[in-house]
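Just so you know, we're using my numbering here: the sequence shown kicks off at 1228 and counts up by one.
By construction, the Cβ of each residue, glycine as well, lies at the ideal position given by its N, Cα and C atoms.
Here the structure is a predicted model, which is why all the values come from computation and not from measurement.
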Amino acid sequence: MAADPPRPAPLPTLVGRSPRGGLRPGFPPGPAPAEVERLAGYLADESRLRGNAELVAFPESEAEVAALLREAGRRGAGVTVSAGRTGVVGGAVPLGGWVLSVERLDRVHGFTWHQQAGEFRLRVGAGLPLDRLQRAIRAGRFPFAEPPDGPTRALLEEFRPQSTRWAFPPDPTETTARLGGMVASNASGARTFAFGPTRAHVRGLTVVLADGTVLDLPRGTFMGWAGHGWTLRRPDGTTAHLPAPVYGLPPTKHAAGYFTSPGGSGPVDPVDLFIGSEGTLGVITEVEIALRPLDGQEAEVVALFPGVGEACRYVDLMRAHREEPGFAVEALEYMDAGSLGLLQGAVLAGEVSNRLPGGATVAVFTGLRLKKGVADPLEAVGKLVAEAGGNADDSLAGVGGVDIGRLKRIRHALPETINALVARVRETHPGLTKLATDMAVPDRHLAEVMAVYDADLRAAGLPHYIFGHIGNNHLHVNIVPRDPDDYGRGRDLYAGFARRVVAMGGSVSAEHGIGKLKKYLMPAQFGPEALDGMRRLRRALDPDLRLGRGTLFDL
Ligand SMILES: Cc1cc2nc3c(=O)[nH]c(=O)nc-3n(C[C@H](O)[C@H](O)[C@H](O)COP(=O)(O)OP(=O)(O)OC[C@H]3O[C@@H](n4cnc5c(N)ncnc54)[C@H](O)[C@@H]3O)c2cc1C
């Protein structure tokens, strides 16, 4: 008989506290349909799914978040948490009930240095937008909620002269995303190849639960065990058991369902339960993030290849050469022929003076950090492009801020250009949406999955664009349906891709999450027991299932 896994005995206790901060007179507000009309933007996100709500509220403190949740509980209203609404799976779209926008929780609450980790840490409100955070780090000036104390002021003096060396690496392309939304969807992006997803940069969270209980969760402090979990003690002395679910997670980027111990049995940090929970387990009000030193100049090479096979060979080579004397590889981003064609027509001519040469069919945008002391680091990259079968002479290189900015804008323009195509189709067929995969496979299956996508899409004859994070074997296959028939066939194809990807040991959602639009993929990834485990955890934290109704699970 297998031995029981080691477990902490008794279960670790998560001690909830009462909320802090002020409560404005008249808060929480009552339902006001006219207001909702004026605030229509809060009923949709970038998925273009449109919902409805009785009230949109903008709490300004932890106490207001808790008061709103308690009031919603008294009235039996569901609560949808909303941040930047740049999500593409409808997680922030309310299906009735109340919207809780975290956008006014946008202040910085602390700045510290951690000697052991060798990193500066910032404690930020969940509503802080990523672009504002990035600008503040570069300038070394943060929007503090309270004037910083003496030691913090001294640390800031030390930080400012070196501020441009430090960064918060997660970059989900759309920089109007807010920190709470990024954490709740474990966002990643191009630089995840080198630095991991948002989860890797979170050192602690403050979360308000559905009943108003507040949890302060520094990473590594309240480790539980999969299958056992924690005891939750509320401020009124009552307790509840929080079960930590047991199931394996794919060894790839992954953002579907709740996190647990990756191997199925092992330690679980409660911080990780809330990261990626898509607004269904609690409202994240503060996030402690780590900054990371990034030395050397940023550069980007657009490597061009005659076909996908050569591009996959290049990715393998770049993985093997990710740390070289002259450069470190930070990102490997793919665009297929259709995507390049779309950009050349719509965007590229206005953005870069060099047009992509006509002979290339696919491109890998290669993000690099150039190291000092090597005469021509890009020469080594050119050799690897040639070794993989690409054309080094035709490839483009950008070094430094202006060039990099242009290349980033091009990559950002692609999903937006595709969304515009879909919007045009929706004028005739309003029921249709873009069908975009978000699946990742282990390294050894990259060429195989690319071949599957290519063969099936060709056979189906569906208009499509493939682009994304090839360094993580994580491509977005975007099918743009022309009519309902295309849409139906595209959905079938998508379900088939999901089955194949899971059979390869991959993830059905590597970064966008499940939200309201991809719930049908959950059974492909998780068996019934795993899904039950998730439901038990959710019910333990939110017995009336008021948070994020319709997200992850059906209402
Ligand atoms: C053009 C474009 C490109 C994109 N590229 C990428 C990419 O490369 N990588 C990537 O990962 N994503 C990408 N995205 C998706 C999106 O930007 C990310 O998912 C982003 O992290 C969402 O942040 P947000 O603030 O907009 O969250 P929202 O959309 O407002 O919310 C997302 C989810 O989090 C929940 N939530 C929000 N705040 C909180 C909180 N404080 N507490 C609890 N739950 C909360 C919401 O209920 C919802 O379920 C892209 C989007 C666009 C439009």
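Check: Does DSSP put PHE1369 in a helix, in a strand, or in coil?; Outcome: coil
Check: Flag this pair as yes or no: are the beta carbons of LEU1327 and VAL1308 separated by less than 8 Å?; Outcome: yes
Check: State the DSSP-derived secondary structure class of THR1379, mapped to helix, strand or coil.; Outcome: helix
Check: Please find out if some non-hydrogen atom of ligand 1 comes closer than 7 Å to the beta-carbon of SER1736.; Outcome: no
Check: Please report how far the alpha carbon of THR1458 lies from the alpha carbon of THR1240, in whole angstroms.; Outcome: 5 Å
Check: Any idea what DSSP makes of ASN1705, helix, strand or coil?; Outcome: strand
Check: Can you name, in chain order, every residue of its own chain whose Cβ lies under 8 Å from the Cβ of GLY1695, other than the five neighbours on each side?; Outcome: GLU1560, TYR1561, HIS1701, LEU1702, HIS1703
Check: What span of residues does the beta strand (DSSP E) with VAL1429 cover, start to end?; Outcome: 1429-1435
Check: Under 8 Å, do LEU1476 and LEU1768 count as touching if we go by C-beta distance?; Outcome: no
Check: Would you grab the beta carbon distance between VAL1329 and GLY1431 for me? Rounded to a whole angstrom, and I think it's under 8 Å.; Outcome: Not confirmed; about 17 Å, so no contact.
Check: Pick from ARG1446, ARG1727, LEU1684: whose alpha carbon is nearest that of VAL1707?; Outcome: LEU1684
Check: Would you call the CB atoms of ALA1667 and THR1479 closer than 8 Å?; Outcome: yes
Check: Would you verify that the beta carbon of TYR1714 is, or is not, closer than 8 Å to some beta carbon of chain D?; Outcome: Absent from the structure: chain D. Only one protein chain is present.
Check: On the CB-based measure, 16 or more other CB atoms within 10 Å of its CB, does LEU1782 come out buried or exposed?; Outcome: exposed
Check: Using only alpha-carbon positions, find the residue among HIS1336, VAL1728, VAL1735 that is nearest to ASP1376.; Outcome: HIS1336
Check: From what residue to what residue does the beta strand (DSSP E) around PHE1486 run?; Outcome: It is not in any beta strand (DSSP E) - PHE1486 carries neither H nor E in the DSSP assignment.
Check: Name the residue from LEU1659, ILE1502, ARG1653, ALA1725 whose alpha carbon lies nearest to the alpha carbon of VAL1679.; Outcome: ALA1725
Check: Would you say PHE1272 touches ligand 1, meaning its beta carbon is less than 7 Å from a heavy atom?; Outcome: The identity of residue 1272 in the sequence shown is Asp, whereas the question assumes Phe. True, at least one ligand heavy atom lies under 7 Å from that Cβ.
Check: In angstroms, rounded to a whole number, what distance separates the CA positions of ASN1290 and ARG1387?; Outcome: Checking the displayed sequence, the identity of residue 1290 turns out to be Ala instead of Asn. Answer to the nearest angstrom: the Cα atoms are 33 Å apart.
Check: What do you reckon, are the CB atoms on THR1507 and LEU1774 nearer than 8 Å?; Outcome: yes
Check: Does the Cβ of ARG1405 lie closer than 7 Å to at least one heavy atom of ligand 1?; Outcome: yes
Check: Using the Cα positions of LEU1270 and ARG1312, report the straight-line distance between them to the nearest angstrom.; Outcome: 9 Å
Check: For GLN1342, count neighbouring Cβ atoms within 10 angstroms of its own Cβ and tell me buried if that reaches 16, exposed if not.; Outcome: exposed
Check: I'd like the span of the beta strand (DSSP E) that includes GLY1456, first residue to last.; Outcome: Neither: GLY1456 is in no beta strand (DSSP E) and is coded neither H nor E.
Check: From LEU1720 to VAL1589, what distance separates their C-alpha atoms?; Outcome: 23 Å
Check: If you drop the 5 nearest sequence neighbours on each side, which residues of the same chain put their C-beta closer than 8 Å to that of GLY1243?; Outcome: LEU1436, THR1440, VAL1441, LEU1442, LEU1459, ARG1460, ARG1461, PRO1462
Check: Specify the secondary structure class of TYR1748 as computed by DSSP and reduced to three states.; Outcome: Correcting the residue type first, residue 1748 is Leu in the shown sequence and not Tyr. Three-state result, LEU1748: helix.
Check: For my contact list, VAL1429 and VAL1514 are in at a C-beta cut-off of 8 Å; report their separation, rounded to the angstrom.; Outcome: 6 Å
Check: Only counting the same chain, and skipping five residues up and downstream in sequence, which positions put a Cβ closer than 7 Å to that of GLY1777?; Outcome: LEU1322, LYS1743
Check: Which residues in the same chain as SER1488 place their Cβ atom closer than 7 Å to its Cβ, once the five residues preceding and following it in sequence are excluded?; Outcome: ALA1453, PRO1494, VAL1495
Check: What's the gap between the Cα of ALA1682 and the Cα of GLY1617?; Outcome: 22 Å
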